[in-house]
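Working notes, beginning with the structure itself.
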Amino acid sequence: MSSKRQILRLALPSPLRRQFDYLPPEGALDDFQPGLRFLVPFGKRELVGLLLETSEQSDIPVEKLRPAIRCLDLQPLLPAHLLELGLWAANYYQHAVGDALCSFLPVLLRKGEQAQFRHQWLWVVGEPEAADLADVDSKRKNPTQRQQQLLDILREHPDGLSSDALKTLGFSQSLLRGLKEKALVTRIQRETAPPHSLLHKPETKESLLQEVPLALNEEQQRAVDAIAASMGEFQSFLLQGITGSGKTEVYLQLIGKVVERGRQALVLVPEIGLTPQTVGRFRQRFNVPVAVIHSGLTDRERLDAWLMAQQGHAGILIGTRSALLTPLIRPGIIIIDEEHDGSFKQQDGFRYSARDLGIMRARAESIPIILGSATPSLESFANAEAGRYRWLKMEKRAGEASPPEFELLDIRQQLLQDGLSDSLIEQMKTPLQQGEQVLVFLNRRGFAPTLMCHDCGWQADCPQCDAHMTLHRRPPHLHCHHCDYQAPVGATCPECQGRNLNPMGAGTERTEEALQRLFPDISVIRVDRDSTRRKNAMQGILKRVHDGGPCILVGTQMLAKGHHFPKVTLVAILDADAGLFSADFRGMEKMAQLILQVAGRAGRSDRPGKVVMQTLNADHPRLRCLIEQGYTAFAREELIDRKAVRLPPFCHYGLLRAEAVAPGRADAFLQLARMIVEPLTDQRVQLLGPIPSPMERRAGRYRAQLLLYSDQRKALHGVATQLVQLLEQNKHAKKVRWSLDIDPTEMF
Ligand code: ADP
Ligand code: ZN
Ligand code: ZN
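Read left to right, the sequence shown gives residues 0 to 747 (numbering that gives the first Met the number 0).
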């Protein structure tokens with residue numbers, strides 16, 4: 000057999016870390032571009048695969064290769080450089096190629112759906128044809144009066160109307176059915192075309208903008224100029240601007256320049272920050288279609304948004320983490336807002352960092368990338384200090400607002416009422432009397448973190464986790480926030496049958512109750528996952544806050560990001576100590592970021608703001624450094640500590656995790672992994688563990704971890720690759736769930 004046949008090398012959705020070879024479909028011309036999808040036989044099933052490359056050779060004898068069933072696309076779905084990025088990422092994150100590349104496609108395309116916009120059925124007037132009329136009784140042909148009205152409406156809409164549109168006009172399905180039987184109307188199928196195409200209709204500068212941009216202040220102007228000078232080339236920028244410094248306005252004006260050149264902007268925001276308010280600011284400014292991608296979309300909506308970006312109809316794509324993997328036909332800039340946010344790292348499966356991959360993508364597309372934050376991750380901070388990123392700073396608030404004043408409220412000698420100190424309660428009175436709003440932050444939902452028996456010391460623990468269950472009052476139940484296990488609240492202690500059961504500590508429900516008792520005339524609004532579960536609940540709450548007079552907002556970190564509350568002048572942080580003594584080396588960094596994010600909600604318009612933080616550690620040097628000298632000073636101190644003990648970013652981590660239902664099994668597996676990896680390390684890669692995870696049992700599984708770390712990324716990568724290959728072939732590996740997390744951001 001001639002070896003000159005073209006062989007298709009595909010990425011398939013398989014956990015195997017390799018590519019798969021196929022012959023072209025029978026009778027097909029041998030000319031396929033990488034990025035096309037193929038339907039292929041796989042065992043007894045059929046799978047959709049993505050063509051990575053074609054080759055003239057295969058490691059498998061050609062006679063043994065099976066032909067693909069058919070090609071699913073006319074045009075490649077992904078450009079070559081994104082295929083390459085996917086391959087690079089699969090290799091870097093030690094993940095199966097097929098699964099990594101699948102992440103670049105929306106679910107419907109992975110399932111083989113056509114890469115087309117949704118189709119809609121529309122009703123139009125159909126002139127009855129002789130054939131249809133033949134068997135229709137001539138009397139019944141005449142429409143009723145109501146049917147005639149419907150026909151008149153349809154005549155006015157020659158492009159057709161959907162059933163839904165007709166229903167709102169008061170015409171029922173049965174009327175339509177009646178007309179259809181008389182062959183007076185027909186249904187046509189039409190692709191719902193996107194509003195208008197950015198690329199096919201070159202626009203003038205005026206028509207791209209829908210509102211007049213703000214006049215930039217000096218700091219903003221400097222940032223815009225610096226980044227605009229890099230248009231069309233790769234450059235990473237760290238835009239470190241305090242909350243309220245007007246980073247969004249900087250993004251908007253840069254996007255204006257990008258769109259003007261007929262290019263597209265990709266904006267990533269944290270999961271929790273993608274509010275209608277955020278999207279609204281972009282939609283309001285520009286006269287170009289904005290596509291939005293986030294986890295709340297249906298599969299169909301996601302495909303439509305993806306196609307808008309991929310085909311160039313959308314000038315702007317805003318989305319959460321996975322939006323980074325969406326192709327743009329003419330990329331112009333990547334913006335990652337709140338770049339320090341944890342949601343940019345995927346915590347299961349393909350564990351990529353959208354921020355880090357964003358840099359790689361901008362490089363591949365020769366475009367600038369902006370990482371924006373008031374509180375940059377220490378990784379990005381260190382990169383800026385080392386000159387790898389260009390560092391732009393905005394230290395003043397834009398517009399009228401001035402930065403808030405901080406107070407560390409020492410609660411060591413104070414008696415607390417449901418977690419609130421007297422002096423804090425006192426301080427809340429003035430702003431409320433003046434018609435202003437107060438935000439109370441507590442990053443713990445539910446009524447109390449645990450329920451305890453005061454007679455025998457029993458605590459409500461989760462039967463599946465090494466954790467207490469949270470007490471909820473509305474409705475009353477015990478809930479494990481780690482595995483979702485729920486149980487009713489009994490009246491007596493299950494150990495001693497005593498009746499002295501007490502909630503310990505406070506969550507948002509308890510704080511809400513206490514504040515409502517203390518301020519009976521003020522509305523207290525709770526914002527957490529429980530109070531916003533209903534669809535559009537958050538929008539309702541925001542509207543109440545924006546329209547209303549004085550109120551107290553009580554909430555978790557859902558309140559901390561993305562929102563603009565012009566009437567909030569006092570922010571109270573009830574538990575500022577939460578991250579001070581964390582087992583995670585990033586605990587302090589995360590705490591500082593959260594404190595400044597929350598504090599940033601205070602005094603965002605003309606009235607000055609104040610932040611009161613209740614703490615048992617008012618003398619803690621790092622906490623003082625943060626509030627007295629600011630984030631930059633804090634970050635420098637943290638980095639000095641990290642360097643001294645060789646923690647990231649001065650050292651690179653790979654975390655091998657394992658879990659199993661049987662106790663000891665995960666640990667035994669990691670012991671084996673350690674034995675396998677030790678001879679490979681040649682001293683450049685060190686090992687720590689196996690050790691039990693900080694929460695050893697979770698959702699009924701015992702968990703352990705083995706840390707691989709090195710100063711040299713290459714050495715770590717080499718060892719990790721070999722380890723994964725060896726583990727994959729090892730029969731013990733099948734008895735546990737294991738994964739290797741490169742650059743982990745969570746250490747559990
Ligand atoms: P950040 O994203 O840095 O927290 P925003 O972009 O949300 O800040 O801006 C904070 C507030 O300042 C917004 O209300 C915004 O409209 C306003 N603002 C931003 N830039 C200017 C400016 N140049 N002139 C006047 N107001 C501005
Ligand atoms: Zn008891
Ligand atoms: Zn649990």
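Even for Gly, the Cβ is constructed at its ideal location relative to N, Cα and C.
Just so we're clear, the structure is a prediction, and the values are computed from it rather than from any experiment.
Going straight from the alpha carbon of residue i to that of residue j, what length do you get?
{"i": "L81", "j": "R109", "result": "16 Å"}
{"i": "Q209", "j": "H619", "result": "49 Å"}
{"i": "A541", "j": "D605", "result": "Before going further, note that residue 541 is Leu rather than Ala in the sequence given. Approximately 20 Å between the Cα atoms of the pair."}
{"i": "R186", "j": "G125", "result": "9 Å"}
{"i": "P12", "j": "V96", "result": "8 Å"}
{"i": "Y701", "j": "D303", "result": "42 Å"}
{"i": "H156", "j": "L165", "result": "11 Å"}
{"i": "K642", "j": "F649", "result": "6 Å"}
{"i": "P402", "j": "T247", "result": "17 Å"}
{"i": "E425", "j": "A571", "result": "12 Å"}
{"i": "Q685", "j": "E695", "result": "23 Å"}
{"i": "G717", "j": "G348", "result": "21 Å"}
{"i": "H481", "j": "L579", "result": "22 Å"}
{"i": "E259", "j": "L207", "result": "7 Å"}
{"i": "D640", "j": "D20", "result": "50 Å"}
{"i": "L415", "j": "F405", "result": "21 Å"}
{"i": "G26", "j": "L149", "result": "51 Å"}
{"i": "E636", "j": "R16", "result": "41 Å"}
{"i": "W122", "j": "T143", "result": "18 Å"}
{"i": "R749", "j": "H453", "result": "With the chain covering 0 to 747 only, the question about residue 749 has no answer from this structure."}
{"i": "A290", "j": "V257", "result": "16 Å"}
{"i": "K181", "j": "S162", "result": "18 Å"}
Under 8 Å: does the beta carbon of residue i sit that close to some heavy atom of ligand 1?
{"i": "G295", "result": "no"}
{"i": "I241", "result": "yes"}
{"i": "H478", "result": "no"}
{"i": "G339", "result": "The sequence given here has His at residue 339, not Gly. Flag unset: Cβ of H339 not near ligand 1."}
{"i": "T614", "result": "no"}
{"i": "L213", "result": "yes"}
{"i": "K246", "result": "yes"}
{"i": "H563", "result": "yes"}
Cβ of residue i within 8 Å of any heavy atom in ligand 2?
{"i": "D460", "result": "no"}
{"i": "N499", "result": "yes"}
{"i": "E588", "result": "no"}
{"i": "W737", "result": "no"}
{"i": "C452", "result": "yes"}
{"i": "G456", "result": "yes"}
By DSSP, does residue i sit in helix, in strand, or in coil?
{"i": "P201", "result": "Bear in mind that a pLDDT of 46 at P201, under 50, signals an unreliable position, so the model cannot answer this."}
{"i": "C70", "result": "strand"}
{"i": "E384", "result": "helix"}
{"i": "G688", "result": "strand"}
{"i": "T568", "result": "strand"}
{"i": "L579", "result": "coil"}
{"i": "L377", "result": "helix"}
{"i": "S1", "result": "With a pLDDT of only 44 at S1, under 50, the local geometry of the prediction cannot be trusted, and no value is derived from it."}
{"i": "M587", "result": "helix"}
{"i": "Q115", "result": "coil"}
{"i": "I241", "result": "coil"}
{"i": "W737", "result": "strand"}
{"i": "D158", "result": "coil"}
{"i": "P367", "result": "strand"}
{"i": "K395", "result": "coil"}
{"i": "I675", "result": "helix"}
{"i": "I328", "result": "coil"}
Using 9 Å as the limit for Cβ to Cβ distance, is residue i near chain D?
{"i": "L84", "result": "Absent here is chain D; the protein component of the structure consists of one chain."}
I want to check one thing, is the minimum distance from the CB of residue i to the heavy atoms of ligand 3 below 8 Å?
{"i": "Y484", "result": "yes"}
{"i": "H481", "result": "yes"}
{"i": "Q309", "result": "no"}
{"i": "R697", "result": "yes"}
Query raised in the report: Touch check for the region 26 to 41 and the region 67 to 76: three-plus C-beta pairs under 8 Å?
Result: yes
Query raised in the report: Whole alpha helix (DSSP H) runs in the region 33 to 96 with 4 or more residues, listed along the chain?
Result: 79 to 91
Query raised in the report: Pairing CB atoms from the region 320 to 340 with CB atoms from the region 279 to 289, are three or more of them under 8 Å?
Result: no
Query raised in the report: Can you find at least 3 beta carbon pairs, one from the region 680 to 689 and one from the region 700 to 717, that sit closer than 8 Å?
Result: yes
Report task. Scan the region 439 to 519 and note each continuous alpha helix (DSSP H) run of 4 residues or more that stays entirely inside, going in chain order. Result -> If we require 4 residues or more, the alpha helix (DSSP H) runs fully inside the region 439 to 519 come out as 507 to 517.
Query - In chain order, each beta strand (DSSP E) run of at least 3 residues that lies wholly inside the region 212 to 258 - result: 234 to 240
Query raised in the report: Do the region 549 to 565 and the region 509 to 524 touch if we need at least three Cβ pairs shorter than 8 Å?
Result: A contact is defined here as three or more CB-CB pairs under 8 Å, and the region 549 to 565 meets this definition with respect to the region 509 to 524.
Report task. Evaluate the contact criterion for the region 667 to 683 versus the region 725 to 734: three or more CB pairs, one atom per stretch, below 8 Å. Result -> yes
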